[in-house]
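Trainee: Residue numbers (my numbering): 41 to 295.
What follows is a single structure, and I will ask about it in a moment.
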């Protein structure tokens, strides 16, 4: 089984290298099909790596079927992430590039609070990457997938591995740890989004250093505002949904 995991990681790394090469070559020729092939290969890399590290994480259970509640809620939250970005977005254009105020991160954080790090992160990553693909942000889709997945993993780790908020606790405890988990995930994004965006635009797309710095500063502002909304609204939504989901036996127990 370890050999299989090693092979999957190797395949993922090959896809990563090939994807970066295709994106660089394609971008130099004004986004030829090689550029979009590179995007697909990068997404393949992420998917393969996730599969390699989660395929056998069943703790010796014989069942390999994912709980239908988890899948249903993950799909719904991915759709909400898409809607939050695609239809509740205010674009800011500078130097021919875009950044935006949006509500997508609200549902990305909410997904991690409800479903845990992996499934919550995947919901946010998939929903908002699809939103990128169906809007003018297609160039940012690999960055979006990676960062939203990381947000979910961080929020889910704090909320469920440390605080275990899906178990029985009083309301004040759940509110406190929901806020802490949300703040941790969004703090990561406030730092990572402009930083990753700078190197992404500067070295992958070849824009000038000055333009990359201006975009990073603007991205830092929009990311901070988005983070504040995400922390407050995701916690409010979680606290509103939790009692109803628990009463109807739809609250997923994260272990």
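By construction, the Cβ of each residue, glycine as well, lies at the ideal position given by its N, Cα and C atoms.
1. Rounding to the nearest angstrom, what Cα-Cα distance links residue 169 and residue 232 in this structure?
2. Taking a contact to mean a Cβ-Cβ separation below 7 Å, would you say residue 265 touches residue 224 in this structure?
3. Assign residue 133 to buried or exposed, taking buried as 16 or more other Cβ atoms, counted over all protein chains shown, within 10 Å of its Cβ.
4. What three-state label does DSSP hand residue 132 in the structure shown?
5. I need the boundaries of the alpha helix (DSSP H) containing residue 253, first residue and last residue.
6. Is the separation between the beta-carbon of residue 147 and that of residue 117 shorter than 7 Å?
7. Taking all protein chains shown into account, decide if residue 288 is buried (16 or more other Cβ within 10 angstroms of its Cβ) or exposed.
8. Is it the case that the Cβ atoms of residue 290 and residue 109 are separated by a distance below 7 Å?
9. Counting along the chain, where does the beta strand (DSSP E) carrying residue 140 start and finish?
10. Run the CB neighbour count on residue 140, radius 10 Å, all protein chains shown included, and call it buried at 16 or more, exposed below.
11. Going along the chain, which residues of its own chain have a beta-carbon closer than 6 Å to the beta-carbon of residue 189, five neighbours each way excluded?
12. Along the chain, where does the alpha helix (DSSP H) containing residue 169 start, and where does it finish?
13. When you compare only the Cα positions, how much space is there between residue 207 and residue 238?
14. Out of 155, 131, 123, 150, state which residue places its alpha-carbon closest to the alpha-carbon of residue 111.
15. At which residues does the alpha helix (DSSP H) containing residue 246 begin and terminate?
16. Cα separation between residue 171 and residue 254?
Mentor: Taking the geometry as given:
1. The sequence position of residue 169 within the chain shown is 129, counting from 1. The sequence position of residue 232 within the chain shown is 192, counting from 1. So the alpha carbons of these two residues sit roughly 17 Å apart.
2. Looking up residue 265 in the chain shown gives position 225. Looking up residue 224 in the chain shown gives position 184. Cβ distance not < 7 Å, so residue 265 and residue 224 don't count as in contact.
3. Within the chain shown, residue 133 is the residue found at index 93, counting from 1. Counting Cβ neighbours within 10 Å, residue 133 comes out exposed, since fewer than 16 surround it.
4. Taking the chain shown and counting its residues from 1, the one referred to as residue 132 is at position 92. Strand, per DSSP.
5. Taking the first residue of the chain shown as position 1, residue 253 is located at position 213. Taken as a continuous stretch (DSSP letters only), the alpha helix (DSSP H) holding residue 253 covers 249–287.
6. To locate residue 147, count along the chain shown from 1; it is residue 107. To locate residue 117, count along the chain shown from 1; it is residue 77. For residue 147 and residue 117, yes; Cβs fall inside 7 Å.
7. Taking the chain shown and counting its residues from 1, the one referred to as residue 288 is at position 248. Per the 10 Å Cβ criterion, exposed.
8. As a first step, residue 290 is located in the chain shown; it is residue number 250 there, counting from the start. As a first step, residue 109 is located in the chain shown; it is residue number 69 there, counting from the start. Yes. Within cutoff.
9. Mapped onto the chain shown, residue 140 falls at position 100. Residues 137–142.
10. Counted from its first residue, the chain shown places residue 140 at position 100. Residue 140 comes out buried.
11. The sequence position of residue 189 within the chain shown is 149, counting from 1. Only 161, 165 meet the Cβ criterion.
12. Position 129 of the chain shown, counted from the first residue, corresponds to residue 169. Element bounds for residue 169: 157–173.
13. What you label residue 207 is simply residue 167 of the chain shown in a count that begins at 1. What you label residue 238 is simply residue 198 of the chain shown in a count that begins at 1. Straight-line Cα distance between these residues: approximately 40 Å.
14. By one-based count along the chain shown, residue 111 stands at place 71. Selected option, being the one with the closest Cα: 155.
15. Within the chain shown, the letter at position 206 stands for residue 246. From DSSP, residue 246 is part of no alpha helix (DSSP H); its letter is neither H nor E.
16. Here the question's residue 171 lines up with position 131 in the chain shown. Here the question's residue 254 lines up with position 214 in the chain shown. For residue 171 and residue 254, the distance between alpha carbons rounds to 24 Å.
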